[in-house]
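I have placed the structure first, in the form of structure tokens, so that the comments after it can refer back to it.
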Amino acid sequence: MLFNSYEFIFYFLPIVFVVYFLLKKVNVSWLSKVWLVAASLFFYGWWNPKYLTLIIASIVVNFVLSKLMIRWKEKQGIVLTIGIIFNIALLGYFKYADFFISNINNVFGTSVGLLQLALPLAISFFTFQQIAFLVDTYRGETKHYSFLSYCFFVTFFPQLIAGPIVHHSEVMGQFEDKKNNSISAKNVSVGLYIFSIGLFKKVMIADTFAIWANAGYEGANQLTFVEGWITSLAYTFQLYFDFSGYCDMAIGAALLFNIKLPINFFSPYKATNIQEFWRTWHMTLNRFLTQYVYIPLGGSKKGKVRTYINIFLVFFISGFWHGAGWTFIIWGCLHGLASIIYRLWSRLNISLPKWLAWFITFQFVNFAWVFFRATSIDQALTVLKAMVGLNGFKLPAAFASIVPSLQSITSPHLIWGLYDISVYIAAILIAFVIVLSQRNSIEMMESFRPTWKHAAFSAVITVITILSLNKVSDFIYFNF
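Going left to right, the sequence shown walks through residues -5 to 474 as our numbering numbers them.
Structural data, given as structure tokens:
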């Protein structure tokens, strides 16, 4: 089930909300928790019911292992190792088996059949979340939670499908806090406000850019200079508003139940260096990789060379986590190299003008997204060749009417054939203005005051968005 669907907005969310607080009101708190866990599993199973057994089995095994670590102090290391192997094996089987098989076939000329498994929804997210819980249990940083509370922690539907990757310390206490047993008018108003903004971002902005990005990548061989840039920027903004919209909707939906999820997105395209970008893009994934990969590897405490190796490994893992393909690995490695270069540059104490630092950072991110989006390395290189003019430099025919001398380098149409070139350029410029000059959703939420203006704004953009829900599309991060 998708946040941007009629089923979720008009049926699932209101029914779950009303029943949850009715059960809270009649003092059967445990039953309200059962209800929310059951609803979350229904939400998960809507996509593919057969994978319900997978997530339930994962929850049971990880919970049992966490209890064994508490009980068998002298064997905690062994239990933790078993837990990590179990989780990585589960993720590896469903997400990476065909990738390894196909590469083995290519290298050795074998013909081993592919498993052709459908990727279980959210497996990358709930796997990392539970690994973190096991590691923290080993470190003695978790409390004694019931199985029901643990299920609540893993399956809570606003964060289940595409994050944030929640840390137990952030939400477990909120689940148990009796202050959260009744409906909060403030949380409901803020939640609906942020949810409506996220819905608008996804349906009206991200899905519009998706049309242009998809057309560009599907016709990559036809792209020339201008079209290449429109294609890359269309995807760059599609991904931004898609993921930002999802994060807003997750936070908004959780607030209805008095649960505050961690911030996962905070204006990353305003970053003036790659380190700042990663502090504001998919923040909980970055936190997980820092706490449970980078620091255990030694972090920055074992010399410069080891630090750079650790940084590169973290981004390699980040790329591979996003998808089982060489394009994702290249994307991760590019960010690893950029992070190392930034560290080396910082040692020179040379300060760039802020606008130039931003421009370099944004252009790197934009170029790297080409590999993230492309279905193959060849397709990525084709788009990049167009962006640097190697596929030809053609301007839309409209330019010739303004400057007749440009007639020789114009093309009668763009590959999309939907609008005049000015529409694409205007949309991209508006996206830049929104991304760079406007407050982000978190800042808007923190300064929110329930007024009729906010209510009217939420109502208007919600109505506009719902009227545009003629086709429901997946969130990009649902695929990871």
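Note that the Cβ used here is the ideal one computed from N, Cα and C, for glycine as well. Keep in mind the model is a prediction, meaning the values are calculated, not measured.
Helix, strand or coil at residue i according to DSSP, with G and I counted as helix
| i | result |
| --- | --- |
| residue 259 | strand |
| residue 275 | strand |
| residue 488 | Nothing in the structure corresponds to residue 488, since the chain is present only between -5 and 474. |
| residue 162 | helix |
| residue 289 | coil |
| residue 171 | coil |
| residue 468 | coil |
| residue 474 | coil |
| residue 385 | coil |
| residue -3 | coil |
| residue 22 | coil |
| residue 150 | coil |
| residue 267 | coil |
| residue 156 | coil |
| residue 317 | coil |
| residue 196 | helix |
| residue 283 | helix |
| residue 253 | coil |
| residue 183 | helix |
| residue 208 | helix |
| residue 215 | helix |
| residue 344 | coil |
| residue 434 | coil |
| residue 66 | coil |
| residue 297 | coil |
Proximity below 7 angstroms, CB of residue i to CB of residue j
| i | j | result |
| --- | --- | --- |
| residue 309 | residue 326 | yes |
| residue 268 | residue 351 | no |
| residue 314 | residue 305 | no |
| residue 92 | residue 108 | yes |
| residue 149 | residue 35 | yes |
| residue 184 | residue 439 | yes |
| residue 260 | residue 436 | yes |
| residue 232 | residue 200 | yes |
| residue 355 | residue 266 | yes |
Anticipated Cβ contact below 8 angstroms, residue i with residue j, distance rounded
| i | j | result |
| --- | --- | --- |
| residue 74 | residue 132 | 5 angstroms |
| residue 197 | residue 462 | 5 angstroms |
| residue 152 | residue 247 | 4 angstroms |
| residue 422 | residue 227 | 5 angstroms |
| residue 456 | residue 190 | 5 angstroms |
| residue 156 | residue 119 | 7 angstroms |
| residue 49 | residue 85 | Going by Cβ atoms, the distance from residue 49 to residue 85 rounds to 12 angstroms, so no, they are not a contact pair. |
| residue 80 | residue 55 | 6 angstroms |
Enclosing alpha helix (DSSP H) for residue i [first to last residue]
| i | result |
| --- | --- |
| residue 381 | 371 to 381 |
| residue 236 | 219 to 250 |
| residue 354 | 348 to 367 |
| residue 441 | Neither: residue 441 is in no alpha helix (DSSP H) and is coded neither H nor E. |
| residue 424 | 415 to 431 |
| residue 328 | 320 to 340 |
| residue 44 | That residue, residue 44, is in no alpha helix (DSSP H); it is neither H nor E in DSSP. |
For this session: Can you check the stretch 78 to 148 for any beta strand (DSSP E) of at least 3 residues that lies completely inside it and give the ranges in chain order?
Result: none
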